[in-house]
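Chemist: Note that UniProt numbering numbers the sequence shown so that position 217 is 217, with each residue one more than the last.
Beta carbons are placed, not taken as given, at the ideal position from N, Cα and C, and that holds for glycine.
These numbers were taken from a predicted model, which means no experiment stands behind them.
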Amino acid sequence: MRKKIYWIEGDGIGPEIWRAARPVIDAALAKESDLRLDWQELLAGEKAVAETGSPLPEASLDALRGADIAMKGPLGTPVGTGIRSLNVALRQGLDLYACIRPVRHFEGLETPVKHPERVDMVIFRENTEDVYAGVEFAAGTPEARKLIAFLRDELGVTKVGEAAAVGIKPMTEAGSKRLVRRALRYALDNGRESLTLVHKGNIMKFTEGAFRQWGYDVAAQEFGDRTCTEKEPAPGRLVVKDRIADAMFQEALLRPEQYQVLATPNLNGDYISDALAAQVGGLGLAPGVNMSDSLAFFEATHGTAPTIAGQDKANPGSVILCGALLMEHLGLPRAAERIRAAVGKAIAAKSVTVDLAAQVSGARVVGCAEFGDIIGANL
1 MRKKIYWIEG
11 DGIGPEIWRA
21 ARPVIDAALA
31 KESDLRLDWQ
41 ELLAGEKAVA
51 ETGSPLPEAS
61 LDALRGADIA
71 MKGPLGTPVG
81 TGIRSLNVAL
91 RQGLDLYACI
101 RPVRHFEGLE
111 TPVKHPERVD
121 MVIFRENTED
131 VYAGVEFAAG
141 TPEARKLIAF
151 LRDELGVTKV
161 GEAAAVGIKP
171 MTEAGSKRLV
181 RRALRYALDN
191 GRESLTLVHK
201 GNIMKFTEGA
211 FRQWGYDVAA
221 QEFGDRTCTE
231 KEPAPGRLVV
241 KDRIADAMFQ
251 EALLRPEQYQ
261 VLATPNLNGD
271 YISDALAAQV
281 GGLGLAPGVN
291 MSDSLAFFEA
301 THGTAPTIAG
311 QDKANPGSVI
321 LCGALLMEHL
331 GLPRAAERIR
341 AAVGKAIAAK
351 SVTVDLAAQV
361 SGARVVGCAE
371 FGDIIGANL
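Here is the structure:
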């Protein structure tokens, strides 16, 4: 049996990490299932500009709108294309409202913290709203002045100077609740003990404060028989709690074992997911998936790394570990564990790419292609 999966190669190091990763993903699948992936490439980024003149062709978006699984490498945003961020354009255009980032440590990786093994969290980041909605106007532009005048004349807001740049932070009840709902389902289905709403509602009371309240509301209204709050704990139930965003960074360092699933607005989630990745070894081993109600779009979470592109120095670990997330999504947990174990064995054997070598005592530096071969052999 074959299943279609769309893939986007990506820019910079994209081609080489894909060459290393795809054989590993296919081999892990073959060891645990009769299912085979039918990889169909879509264009986006620099390759799309070269072939079609557009960084995000409508044909690619149309294909993805009808898909249920897809993967992509890192995408830059070509200058002069009228798009601020290809990644944001994909998330908003496909309504990929949940960015899900599992963070865990691989034994043998030295990190800046004493006990990285205590970090085992899954971050659910709202992906389409907040300041990343892209509604902002440069200082001194007619649009900024018009908005500032409206705030002053119609709403009595006098704190925004006429020379200010202005951005809008939209957050909706529906958008917040669907994100928290997905996080709650994950936590309950996977036997997690707690879910934490991460927000800055003490200052931004009507946006992030509302996110906090909407999160508690959906937990109580839709999962009330299986959840409880930190103030009123109940044995055997998922504890739903909240933390102020800046305090959460401290908690992640001091008491990470007390946090298992985080649900956050867009900007907070961007910050905390990368910070947690640093605690366990960096973005080179950080997979992620963006999800709508119909599409799971797996992605490397790091950048395009143009300074090392084409030099066989890139780390394909993020895309390979995205393969593990894909296996779980397809209902093949044993294939997922094969991939993670194979990555762990490569690190334990101290044969790693240059970005990981500084974190592995006595490491032997290998190239991108060889690292992929080693992981594949470990399956």
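On the CB-based measure, 16 or more other CB atoms within 10 Å of its CB, does His302 come out buried or exposed?
Modeler: As a working mapping, residue 302 is identified with position 302 in the sequence shown. Buried.
Chemist: How big is the Cα-Cα spacing for Glu41 and Val366?
Modeler: The residue given as residue 41 occupies position 41 in the sequence shown. The residue given as residue 366 occupies position 366 in the sequence shown. In a straight line, the C-alpha of Glu41 is about 28 Å away from that of Val366.
Chemist: Using a 10 Å radius around the Cβ and a threshold of 16 neighbouring Cβ atoms, would you call Asn315 buried or exposed?
Modeler: Taking the first residue of the sequence shown as position 1, residue 315 is located at position 315. So Asn315 ends up on the buried side.
Chemist: May I ask you to list the residues that DSSP assigns as paired with Ile244?
Modeler: For the purposes of this step, residue 244 is taken as the residue at position 244 of the sequence shown. Its beta-bridge partners are His199.
Chemist: Going by alpha carbons, who is nearest to Thr128 out of Ala174, Leu151, Ala139 and Phe106?
Modeler: In the sequence shown, the residue the question calls residue 128 occupies position 128. The option with the nearest alpha carbon to Thr128 is Ala174.
Chemist: Does DSSP put Phe106 in a helix, in a strand, or in coil?
Modeler: By one-based count along the sequence shown, residue 106 stands at place 106. Of the three classes helix, strand and coil, the one that applies to Phe106 here is coil, per DSSP.
Chemist: Where do the N-terminal and C-terminal ends of the alpha helix (DSSP H) with Arg185 fall, by residue?
Modeler: Translated into positions along the sequence shown, residue 185 becomes position 185. Segment Glu173 to Asp189, the alpha helix (DSSP H) holding Arg185.
Chemist: In chain order, what are the residue ranges of uninterrupted alpha helix (DSSP H) at least 4 long that sit wholly in the segment 131-176?
Modeler: Complete alpha helix (DSSP H) runs here, min 4: 142-155.
Chemist: Less than 7 Å separating the beta-carbons of Leu238 and Ala187?
Modeler: Position 238 of the sequence shown holds residue 238. Position 187 of the sequence shown holds residue 187. Contact flag set, yes.
Chemist: What separation, rounded to the nearest whole angstrom, lies between the Cα atoms of Tyr271 and Lys350?
Modeler: Taking the sequence shown and counting its residues from 1, the one referred to as residue 271 is at position 271. Taking the sequence shown and counting its residues from 1, the one referred to as residue 350 is at position 350. Near 30 Å, if we compare the C-alpha coordinates of Lys350 and Tyr271.
Chemist: Quick one: any contact between the segment 238-253 and the segment 92-102, if contact means 3 or more CB pairs under 8 Å?
Modeler: No: the two stretches stay apart, fewer than three of their Cβ pairs being nearer than 8 Å.
Chemist: Using 7 Å as the threshold, is the C-beta distance between Leu267 and Val131 below it?
Modeler: As a first step, residue 267 is located in the sequence shown; it is residue number 267 there, counting from the start. As a first step, residue 131 is located in the sequence shown; it is residue number 131 there, counting from the start. Yes. Within cutoff.
Chemist: When the Cα of Gln311 is compared with those of Thr353, Leu197 and Met327, which residue comes out closest?
Modeler: Residue numbering aside, residue 311 sits at position 311 when the sequence shown is read from its first letter. Comparing Cα positions, the closest option is Thr353.
Chemist: Pop quiz: residue 385 and Leu43 are said to be a contact at Cβ under 8 Å. What is the actual Cβ separation, rounded to whole angstroms?
Modeler: Shown here, the chain extends from 1 to 379; a query on residue 385 therefore has no answer.
Chemist: Between Val119 and Ala149, what straight-line distance do the alpha-carbon atoms span, to the nearest angstrom?
Modeler: Here residue 119 refers to the residue found at position 119 of the sequence shown. Here residue 149 refers to the residue found at position 149 of the sequence shown. Val119 and Ala149: Cα-Cα distance of roughly 48 Å.
Chemist: Among His199, Leu379 and Val180, which has the Cα closest to the Cα of Arg334?
Modeler: Walking along the sequence shown from the start, residue 334 turns up at place 334. Here the closest residue by C-alpha is Leu379.
Chemist: Within a Cβ cutoff of 6 Å, which residues of the same chain sit near Glu136, ignoring the five residues on either side of it in sequence?
Modeler: By 1-based counting over the sequence shown, the position of residue 136 is 136. Answer for Glu136: Gly167, listed in chain order.
Chemist: Check whether the Cβ of Thr353 sits closer than 6 Å to any heavy atom of the ligand FAD, and report yes or no.
Modeler: Absence of the ligand FAD is noted for the structure shown, with no ligands found whatsoever.
Chemist: Taking the Cβ atom as the reference point for each residue, do Ala21 and Val280 lie within a distance shorter than 7 Å?
Modeler: Along the sequence shown, one-based indexing puts residue 21 at 21. Along the sequence shown, one-based indexing puts residue 280 at 280. Going by C-beta atoms, Ala21 is not nearer than 7 Å to Val280.
Chemist: So, Phe124 versus Ala183, is the Cβ gap smaller than 7 Å?
Modeler: Taking the first residue of the sequence shown as 1, we reach residue 124 at position 124. Taking the first residue of the sequence shown as 1, we reach residue 183 at position 183. The answer is yes: Cβ separation under 7 Å.
Chemist: State the DSSP-derived secondary structure class of Ser194, mapped to helix, strand or coil.
Modeler: Taking the sequence shown and counting its residues from 1, the one referred to as residue 194 is at position 194. Three-state result, Ser194: strand.
Chemist: Measure the C-alpha to C-alpha separation of residue 388 and Val49 and round it to an integer number of angstroms.
Modeler: Residue numbering for the chain in the displayed model covers 1 to 379; residue 388 lies beyond these limits and cannot be assessed.
Chemist: Going by DSSP, name the residue or residues bridged to Ile25.
Modeler: Indexing the sequence shown from 1 puts residue 25 at position 25. Partner(s): none; Ile25 has no beta bridge.
Chemist: Take the Cβ of Ser294 as the centre, count every other Cβ of all protein chains shown within 10 Å, and call the residue buried at 16 or more, exposed below.
Modeler: Counted from its first residue, the sequence shown places residue 294 at position 294. Exposed, by the Cβ-count rule.
Chemist: In the DSSP output, what is Met71 paired with across the bridge?
Modeler: The residue labelled residue 71 in the question sits at position 71 within the sequence shown. Met71 pairs with Trp7 and Phe298.
Chemist: Please classify Leu155: is it buried, with 16 or more other beta-carbons within 10 angstroms of its beta-carbon, or exposed?
Modeler: For the purposes of this step, residue 155 is identified with residue 155 of the sequence shown, where counting begins at 1. Label assigned to Leu155: exposed.
Chemist: Quick check on Asn87: buried or exposed, where buried means 16 or more other Cβ atoms within 10 Å of its Cβ?
Modeler: Taking the sequence shown and counting its residues from 1, one reaches residue 87 at position 87. Under this definition Asn87 is a buried residue.
Chemist: Taking the runs of the alpha helix (DSSP H) that are 4 residues or longer, which of them lie wholly in the segment 224-293?
Modeler: Entirely contained in the segment 224-293, the alpha helix (DSSP H) runs reaching 4 residues are, in chain order, 245-254 and 266-280.
Chemist: Can you tell me the Cα-Cα spacing of Ala278 and His329, whole angstroms?
Modeler: Along the sequence shown, one-based indexing puts residue 278 at 278. Along the sequence shown, one-based indexing puts residue 329 at 329. Approximately 25 Å, taken between the alpha carbons.
Chemist: Residue range of the beta strand (DSSP E) that Phe371 falls in?
Modeler: As a position in the sequence shown, residue 371 is number 371, starting the count at 1. Counting along the chain, Phe371 falls outside any beta strand (DSSP E), though it belongs to the alpha helix (DSSP H) covering Cys368 to Asn378.
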